[in-house]
Amino acid sequence: MRKVRLDDLDSRMGPAARSLPLTDALGLADAAMNFYELEPGDSFAYGFHAHAEQEEVFYVLDGEVTFRTLDEDVTVEAGELARFGPGEFQQGVNEGDEPVRALAVGAPQDAGETEILRECPDCGGETTQELSLADDHSEIRAVCESCGTVTGRFD
Ligand SMILES: [Zn+2]
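Numbered according to this note's numbering, the sequence shown spans residues 45 to 199.
Shown next, in the form of structure tokens:
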């Protein structure tokens with residue numbers, strides 16, 4: 045077995061206040077796992093997205109997450125879980141006033157192609173985005189694939 049303490053892990057850059065990578069820490073063979081803390085306004089994800097090959101489960105431990113889906117916005121509270129299938133577009137955001145703590149599990153570990161949509165002010169609507177790490181590694185940028193505008197910066 046392998047045991048991991050969350051407080052021993054370093055948070056990654058990204059759209060969440062705290063994003064702890066558990067996949068390698070636990071040596072997971074087939075699943076991917078992350079622990080998140082979201083301050084108000086934070087998100088698990090860089091945009092409205094779908095993983096081609098991976099299903100995902102979110103277990104909300106504290107606070108309240110609003111998941112945008114293609115159909116409607118769905119609120120998931122502490123003590124509730126949400127599952128998204130491969131290819132299903134979603135984005136979880138902390139739209140509340142309290143911090144969110146949540147565990148996310150995905151399988152298979154390789155999510156396959158991930159399509160990310162974000163609002164691009166220059167294109168005037170939601171466009172496909174790619175992520176790039178700044179040359180000085182200070183931030184991750186979301187870039188509109190249609191026009192090259194940076195639509196988000198995450199550190
Ligand atoms: Zn654009």
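Positions of the beta carbon are idealized from the N, C-alpha and C atoms, including for glycine. The model shown is predicted, which means the values in this text are computed figures rather than measured ones.
Where residue i falls, given that 16 or more other Cβ within 10 Å makes a residue buried
{"i": "residue 77", "result": "buried"}
{"i": "residue 191", "result": "exposed"}
{"i": "residue 104", "result": "buried"}
{"i": "residue 96", "result": "exposed"}
{"i": "residue 50", "result": "exposed"}
{"i": "residue 150", "result": "buried"}
Residue nearest to residue i in terms of C-alpha spacing, selected from the options
{"i": "residue 61", "options": "117, 90 and 156", "result": "90"}
{"i": "residue 193", "options": "176, 120 and 46", "result": "176"}
{"i": "residue 170", "options": "92, 108 and 126", "result": "92"}
{"i": "residue 158", "options": "64, 173, 164 and 185", "result": "173"}
Helix, strand or coil at residue i [DSSP, three-state]
{"i": "residue 67", "result": "helix"}
{"i": "residue 114", "result": "coil"}
{"i": "residue 106", "result": "strand"}
{"i": "residue 125", "result": "strand"}
{"i": "residue 53", "result": "coil"}
{"i": "residue 196", "result": "strand"}
{"i": "residue 138", "result": "coil"}
{"i": "residue 72", "result": "coil"}
Counterpart residues of residue i in DSSP-defined beta bridges
{"i": "residue 151", "result": "99"}
Three or more C-beta pairs under 8 Å: does that hold for the region 106-123 against the region 141-151? Yes: the two stretches touch, three or more of their Cβ pairs being nearer than 8 Å.
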